[in-house]
Amino acid sequence: MVTTTTYDAKGITVVVDGIYLTGFSESMVAVEKTENNYEVKVGAQGDTLRTKVNNPLGTITVTLLATSPQAAHLDKLAATGRLVSVTVINAGPPKETVTAAEAFVVKPANRSYGNEAEDREYEIQCMDMTFN
């Protein structure tokens, strides 16, 4: 039997420093762990060794419209380097959550001005990223 599910971008929530982000562009948000959870090494005779990588770092990239009310706050966080909490929630299906208790905005978003308003992309470095 075929099962059909529906994705709805309105089910995505991003909270940075206790503030809900709004005014997302088309790509909205991307989450990426810095390293694999495990690395594998193969010896000369074919023996294998799997090593647990305990690196909790990750990156959350948020893409906002130039008119997003929260763009100024993210630029301010980038200027101060203050550590803040970040949460990304997908209300589902499937229900997913990514959290970081300590994260910082790497730099202010690039800005360009022309005949169209350009997106503002913010890279948030997470010191303790957790996937749920």
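Quick note on our numbering: the sequence shown kicks off at -15 and runs consecutively. We treat Cβ as the ideally placed atom computed from N, Cα and C, and that holds for glycine.
Whether residue i touches residue j by CB criterion (8 Å)
i	j	result
Ala50	Asp103	yes
Thr18	Leu41	yes
Leu67	Ser9	no
Val82	Val0	no
Ala93	Glu80	no
Bridge-paired residues (DSSP) for residue i
i	result
Leu48	Phe8, Arg104
Gln109	Thr43, Phe88
Phe93	Residue identity check: residue 93 is Ala in the sequence provided, not Phe. Looking at the DSSP assignment, Ala93 forms no beta bridge with any residue, so it has no partner.
Thr83	Thr71, Thr114
Ala14	Thr45
Lys117	Missing from the structure shown is residue 117; the chain here goes from -15 to 116 and no further.
Cα-Cα separation between residue i and residue j, rounded to whole angstroms
i	j	result
Thr(-12)	Ile(-4)	19 Å
Lys25	Asn39	18 Å
Ile73	Gly30	42 Å
His57	Gly27	51 Å
Thr45	Thr(-10)	24 Å
Val(-2)	Met111	17 Å
Glu107	Val90	6 Å
Thr43	Gly2	18 Å
Glu16	Thr6	21 Å
Ala55	Asn21	33 Å
Start-to-end residues for the alpha helix (DSSP H) that takes in residue i
i	result
Lys60	55 to 64
Span of the beta strand (DSSP E) around residue i
i	result
Lys25	22 to 26
Thr18	Segment: none, Thr18 is in no beta strand (DSSP E) and carries neither H nor E.
Val0	-4 to 0
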